[in-house]
Structures are given as structure tokens and as C-alpha cells.
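Positions in the sequence shown are counted from 1; adding 281 to them yields this note's numbering. Cβ coordinates follow ideal geometry from the N, Cα and C atoms, glycine included.
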Amino acid sequence: MSCCSDVMKPIESASCCTPEDTVKAAAEAMKHSGCGCAPVVENKEDMSLVGVVTERDICHTVAAKDRLASAVSVEEVMHPTSSCCNEDDQVEVAVQKLSENHSRGLPVVSTEGKCCGTVSLEQLGANQHIG
């Protein structure tokens, strides 16, 4: 069985955001990473995961309410760190969490709680772990 670390895309600081960033910055991070989520880290040097913001969050809290993405903070729309998987979790755990969260992507954390990557439906499909 494969672990999340086997299929994840390693994270870059440009692919994540902080709670103080705007939703516009989070959308740019998602575009940069090609994943449907942006990990939210305490700061980009430490990379301690504090949450995640997804495309769905942006649609429901910004676009659907006609709010300006550059005027809404990530902190207002992010989910807590429970919306992630560990690098040593089995891929099936990631698939289950993606389904539960109605998301296309999840952050992956190391045993130290640092954001180390993302896993997406596209990656899992390409590696034939789903459907």
C-alpha cells in the first residue's frame, strides 16, 4: 500500500499562504501549485500547518457573497488542521478526507507538523489510487 509521501507534490513557499494573507493570495498559491487547496502555515519560514483554504471555501465565502478577494483574509475562510493528512498515512486516508471535505486537494504534514506537500485527486487518479 502506498503512503501519502509516495504520491504527494512537495510544497514550495509560493504554494502556501498565511492567515494574514488575502484570499486573492491563496487563489494565486493554488494556481501556482495546481492543487485545489492552499496550505495555511503560521509563517513561510517555519511551515507549521495551521489550516487549509480550498476552492470551495473561496466560492462559498467570497464569490457567492460578492466579496472582494483582495479584501478577505485567509483566516476568515480557512479550515483547521484536521483537514490534512500525515505523510505516513495510507493513500486511502487521503481519499476519504478528500471525499469528506468535498475537496480536490489536501495538505500533507510531516511527523513534526510541518507542511511538506499536497495531495490532489489528480495525483491520486494518475497513480491509480482512485477510480
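At what residues does the alpha helix (DSSP H) containing residue i begin and finish?
i           : result
residue 314 : 304 to 314
residue 285 : 285 to 288
residue 337 : 336 to 339
residue 301 : Per DSSP, residue 301 belongs to no alpha helix (DSSP H) and is neither H nor E.
residue 357 : 355 to 358
How should residue i be labelled, buried or exposed, when 16 other C-beta atoms within 10 angstroms of its C-beta is the threshold for buried?
i           : result
residue 377 : exposed
residue 399 : buried
residue 401 : buried
residue 347 : exposed
residue 301 : exposed
residue 344 : exposed
residue 320 : buried
residue 336 : buried
residue 296 : buried
Taking the DSSP output, what are the residues bridged to residue i?
i           : result
residue 330 : 322
Using a threshold of 9 Å, state whether the C-beta atoms of residue i and residue j are closer than that.
i           : j           : result
residue 374 : residue 286 : no
residue 349 : residue 396 : no
residue 364 : residue 325 : no
residue 334 : residue 366 : no
residue 353 : residue 304 : yes
residue 359 : residue 327 : no
residue 384 : residue 368 : no
residue 248 : residue 290 : Because the chain spans 282 through 412 in this model, residue 248 falls outside it and cannot be assessed.
Just to check, is the beta-carbon of residue i closer than 8 Å to a non-hydrogen atom of the ligand SAH?
i           : result
residue 382 : As presented, the structure is devoid of all ligands, the ligand SAH included, so that no description of it is given.
Problem set entry | alpha helix (DSSP H) segments (min. 4 residues) lying fully within the segment 363 to 408 | 372 to 382, 402 to 407
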